[in-house]
Every structure is written in structure tokens, then in C-alpha cells.
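Q:
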Amino acid sequence: MNLPAAFEDKMIKLLGEEEYRRYLDCFNEPRHYGLRVNTAKIPVEDFVKIAPWPLKPVPWIRNGFYYDGEQVQPAKHPYYYAGLYYLQEPSAMTPADRLPVEPGDRVLDVCAAPGGKATELGAKLNGSGMLAANDLSNSRAKGLLKNIELMGIGNVLVLSEEPGKLIPYFTEYFDKILIDAPCSGEGMFRKDRKMIRAWEEHGPAFFAKIQRSIITQAAQMLKPGGMILYSTCTFSPEENEQTIEYLLQEYPEFELCEIEGYEGFSNGIPEASVSGDERLRRTVRIFPHRMEGEGHFLALLKKGGKAPAGVDVGKADRQPVPSRKRALPDELCEFLSGVDREFDAARFDIRSDKVYYMPEGLPALNGVRFLRTGLFIGELKKRRFEPSQAFAMNLKKEEYRACIDLSASDARVVRYLKGETLDVSDLVSAKEKGWHLVCVDGYPLGFGKLAGQTLKNKYLPGWRWQSS
């Protein structure tokens, strides 16, 4: 393994020569493949019972598992298309797991694409509060949106902005913030050798400036008493301990919190900072030769002060999104009559005939680039309503009146995911018609429209199963 000399020198200083050799030895070991159960859709114990392949628990992640990526392809199984799990490197599961999100929180994921951490934060919210998922890259934000919708997260705002531009709209607004910062990627060298060349083009000094900007911008959007989880996938002290040191100097009201430990976790290294601040031992380093995962760094911080009870401490002049006063269209009401869920009519927002169900307490976002506000319910089309793929994934089978439930072994499941019309005469009567929710083993995949025991496929074209 040919590693840059500057990187080798730094790692020897961090680890010592003997342990550095053990680190180099792990480059000859196979990579680790991870799968995180989406608890927004299925409890962990239920997924273990139906898992199509052998799984081994990731011991420090309650809903994380290893699988044999050389033998199985979880992304080519109907359960993946049902959003029952997200494929994620095991160490990368740690930041969202260790940020203590509670139902009802307002949560911001600052650098959210492709969505592995954002979808876990959304699952923790359990349908309440609000998840704002942001990524500066518009193309990456589109992939982020798909993953959020696939996982069935509806109480969401998907943004594509430079974080500093969000401050006027969300000053001291969020209860929890996650920053999985863009970094030099040293912790991924073992998994992806292309990262070495990228490191040589843009090393730690380049990313440290970006990280300091992002973390101080995020600090301004956090409520007093709120918490930030900062993480990277690098070993660089400039990007890790020194970035946290910078925040503590600029915003002394922050304090470092203990992170729930695991026997393979390593303490942060105060000696790697400029000031030698002993508080930095509360941060966590994950080294790939000490654990079955790639390299990572985490720091959990709490903002001092406490918001007055019942008071939104955001900008005093911030105005909420105005509720739409007009009555809901009859065709929408007719469709929703078949949904066993309570809706607040004031939270529906209809724009250009598209129907959204908005999170509570969302500020007006004039001038902000966003891809989605709320749950996209569907579209009004010439006095009829067509439900969306996002709404299908947000539903549970028992919430919808008309379902077609197929076994994962039924060939029609893959045919549905490929966009084909299905004969379902063995499952429905000749009298049945209209929108049906297609499920696999009780978990929704999407909608179809039934006529004459034939199901017209309404699975979203951009999501369809691609033959390998």
C-alpha cells in the first residue's frame, strides 16, 4: 500500500510506530458491509425474523448489522424497495445513532446527502417534529430526497443551500443538529483507494476551513440547550480536535458531552489540538484496526442556556408558512376517506395542483432553494387525484383500505417494480377497482390502479428495478 508520506508521518505521531504497523495490516483485511434496519417501518426484531440472508449485529449500533457483501446483494431484494433497510458502512452509522433525537424535535442534517444519517434521524422522530435535510449540491440533494422518500420519512424539509444562508430563517430554531462534515476522507483509504488521490489534491488544510465555517454557522441555528453532533471520516487533527477546539473558543457557551461508549472506541487526543484542552478527550475516534468498521471521528456538544418554556426562540419576526384557507378539493377528500389516519386540514398546502402535508411550525422560506417541503401526498389532475410514490412509502398497510399484498417470492413483485401491468385475478374480485396499495409481505412498495382484475402499474419510473 503506497500512502502519501505526509499522511504516514501524521499517523505515526498519532498511533506510534508499532500500532501504525497494525493499522497498515488492516489494509489486507476484507472491507465491512453494513445494513441498518429502518425502524420507521419495521422493528429490528421483526426484520431479523424475515431477513433473507445471514446477519451479524454491529455491536455498538442497536439496528445495525453486517452482511456478506461478496455473497449477497441486498439492493436487489424487494425489501430494499420497501425501504426496510439502508445500506451503510458500520462506522458511518454511529453519528446518527449517538445524536439523542427525540420524537417532536426539530432536527437539521447540514450535509445530508446521500441520506444514510438523515434517514436514521427521521426514523427516530417517529413521524413527529421536523427533519430538515440539506446538501449544497443540488444533484446530490435529489438523491437525498429519493432516499428520504424511500424510507417513508414525511415530516421533512429537503434543502440545497450554503448553510450560512439558512441562518436568517432558522436562528436558534433546531433542537438537534448533525454535521457529517465534508472532509479529507483518510478514514476511507482502506475501503476506497481512490480517496488517496483525492487527499493529495485537497488535503486537511483545505477542508478544515470549510468545517470551521459550517460548525459555527450551525451553532447559530441551535436552540439554547440543544445539541450538535459533529463527525468526519478522517484522522486529521486539523479537521477533528482542532475544529472542535475552534468552536469552543468562538462559542464558549458550548460544552463537550460524553458519548455512549464501546470497547473499540478511542478517546479524542488533546495533544493533537493547539491548546491541549483536556475536554477533547470526550470526543471519539474510530480506527479500522481496532474495530470492524472504517475510520471516523465524533464530538457531541451541548449549547448552554435554556429557552423559556413554551417560547420559540427563533427570530422574533419569523413568520410561519401561512395555512391555506380554501376548502380541500372533493377529489382529495374522497381519496383521503380511504386512509385510516388523522390529518390536520390546516397543514395541507396545495401548490400548482400538487398537494403537500406540511410539518408544524415551519417558517416561510422565500428565497431558499428547496426540493421538498413536507410530505408530497399527490397531484390533482382534471377533477381526479393521483397519489404519490412518497405517500405510498409513508403509509402502513393497515392505514389504507385497498391493498394487494404479494409474497417476496411471487414473481409479480419484481414485475411490479419493473413497471409492468399485473394480472391479480387470484387476489381481487371482478367488482374491485381504483387505487390499490401494492405491498410485499405487508410492506408498501407503491400504488397501482385496478380495473377488471388487472393492475395498471403506477410505480414511479425513476425508481424502477434495473436488470443487472
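Under the working numbering, read the sequence shown as residues 219 to 686, first letter to last.
Ideal placement from N, C-alpha and C gives every residue a C-beta, glycine not left out.
What first and last residue would you give for the beta strand (DSSP E) that runs through residue 648?
A: It is not in any beta strand (DSSP E) - residue 648 carries neither H nor E in the DSSP assignment.
Q: Using the Cα positions of residue 684 and residue 265, report the straight-line distance between them to the nearest angstrom.
A: One C-alpha to the other measures close to 25 Å.
Q: Would you kindly report the start and end of the unbroken alpha helix (DSSP H) that includes residue 300?
A: Neither: residue 300 is in no alpha helix (DSSP H) and is coded neither H nor E.
Q: Who are residue 325's beta bridge partners in DSSP?
A: Per DSSP, 349, 394.
Q: Let's test the definition: count the other Cβ atoms within 10 Å of the Cβ of residue 592 and tell me whether it reaches 16, buried, or not, exposed.
A: When all chains shown are included, residue 592 counts as buried.
Q: Express the C-alpha separation of residue 274 and residue 607 in angstroms, rounding to a whole number.
A: Those two C-alpha atoms are separated by around 32 Å.
Q: Relative to the alpha-carbon of residue 557, which residue among 421, 357, 573, 609 has its alpha-carbon at the smallest distance?
A: Out of 421, 357, 573, 609, 609 has the C-alpha closest to the C-alpha of residue 557.
Q: May I have a chain-ordered list of the alpha helix (DSSP H) segments no shorter than 4 residues that lie completely inside the stretch 576-659?
A: The qualifying runs are 607-612, 629-635.
Q: Cutting at 8 Å between CB atoms, please list the residues of its own chain near residue 426, excluding the five before and the five after it.
A: Cβ within range, chain order: 454, 456, 457, 460, 461.
Q: Between which two residues does the alpha helix (DSSP H) containing residue 335 stretch?
A: Segment 334-343, the alpha helix (DSSP H) holding residue 335.
Q: Given a cut-off of 7 Å on the beta-carbon distance, is the pair residue 447 and residue 396 in contact?
A: In this structure, residue 396 lies closer than 7 Å to residue 447 by Cβ.
Q: How far does the beta strand (DSSP E) with residue 239 in it extend, from its first residue to its last?
A: Segment 235-243 is the alpha helix (DSSP H) holding residue 239; no beta strand (DSSP E) there.
Q: How many Å lie between residue 676 and residue 299 at the Cα?
A: Looking at the two C-alpha atoms, the distance is approximately 14 Å.
Q: How should residue 690 be labelled, buried or exposed, when 16 other C-beta atoms within 10 angstroms of its C-beta is the threshold for buried?
A: Limits of the chain in this structure are 219 at one end and 686 at the other, which puts residue 690 out of reach.
Q: Can you tell me whether residue 446 is helix, strand or coil according to DSSP?
A: Residue 446 falls in the strand class under three-state DSSP.
Q: Could you check what DSSP says for residue 498 in three-state terms: helix, strand or coil?
A: The answer is helix: DSSP assigns residue 498 an H, G or I state.
Q: Any idea what DSSP makes of residue 262, helix, strand or coil?
A: Residue 262: helix per DSSP, three-state reduction.
Q: Tell me the residue span of the beta strand (DSSP E) that contains residue 473.
A: Residue 473 -> beta strand (DSSP E) spans 472-475.
Q: Can you name the start and end residues of the beta strand (DSSP E) that residue 517 belongs to?
A: Looking at the DSSP string, the run of the beta strand (DSSP E) that includes residue 517 is 514-521.
Q: The alpha helix (DSSP H) spanning residue 386 covers which residue range?
A: 381-388 is the span of the alpha helix (DSSP H), which, as asked, contains residue 386.
Q: From this set, 497, 484, 478, which residue's C-alpha is nearest residue 466's C-alpha?
A: Comparing Cα positions, the closest option is 497.
Q: Is it the case that the Cβ atoms of residue 629 and residue 658 are separated by a distance below 7 Å?
A: Their beta carbons are not under 7 Å apart, which means residue 629 does not touch residue 658 by this criterion.
Q: List the residues that DSSP assigns as beta-bridge partners of residue 662.
A: The partner list for residue 662 (beta bridge, DSSP) reads 657.
Q: Evaluate contact between the stretch 404-418 and the stretch 348-357, counting only Cβ atoms and requiring at least three cross-stretch pairs below 8 Å.
A: Taking 8 Å as the limit for Cβ pairs, the verdict is that the stretch 348-357 does not touch the stretch 404-418.
Q: Using the C-alpha atoms, what's the distance from residue 393 back to residue 679?
A: About 37 Å.
Q: Name the residue from 643, 450, 416, 391 whose alpha carbon lies nearest to the alpha carbon of residue 524.
A: When only C-alpha atoms are compared, the closest one is 391.
Q: Please report how far the alpha carbon of residue 309 lies from the alpha carbon of residue 282, in whole angstroms.
A: Straight-line Cα distance between these residues: approximately 10 Å.
Q: Taking the alpha-carbon of residue 412 as reference, which of 221, 673, 648 has the nearest alpha-carbon?
A: Closest option to residue 412, Cα to Cα, is 221.
Q: Alpha carbon to alpha carbon, what distance is there between residue 227 and residue 375?
A: In a straight line, the C-alpha of residue 375 is about 43 Å away from that of residue 227.
Q: By the 10 Å Cβ neighbour count, where 16 or more other Cβ atoms means buried, how is residue 563 classified, buried or exposed?
A: Burial call: exposed.
Q: Which residue spans inside the stretch 401-448 form an unbroken alpha helix (DSSP H) run of at least 4?
A: Entirely contained in the stretch 401-448, the alpha helix (DSSP H) runs reaching 4 residues are, in chain order, 412-419, 422-438.
Q: Going by CA-CA distance only, name the one from 511, 468, 268, 668 that's closest to residue 451.
A: The residue with the shortest Cα to Cα distance from residue 451 is 511.
Q: I'd like the list of long-range same chain contacts for residue 620, defined as Cβ closer than 6 Å, with 5 residues on each side in sequence excluded.
A: Contacts found: 654.
Q: Roughly how many angstroms separate the alpha carbons of residue 495 and residue 324, rounded to a whole number?
A: When rounded, the distance between both Cα atoms is 31 Å.
Q: Given a cut-off of 7 Å on the beta-carbon distance, is the pair residue 486 and residue 508 in contact?
A: No. Outside cutoff.
Q: Verify whether the separation of the beta carbon atoms of residue 370 and residue 267 is less than 7 Å.
A: For residue 370 and residue 267, no; Cβs fall outside 7 Å.
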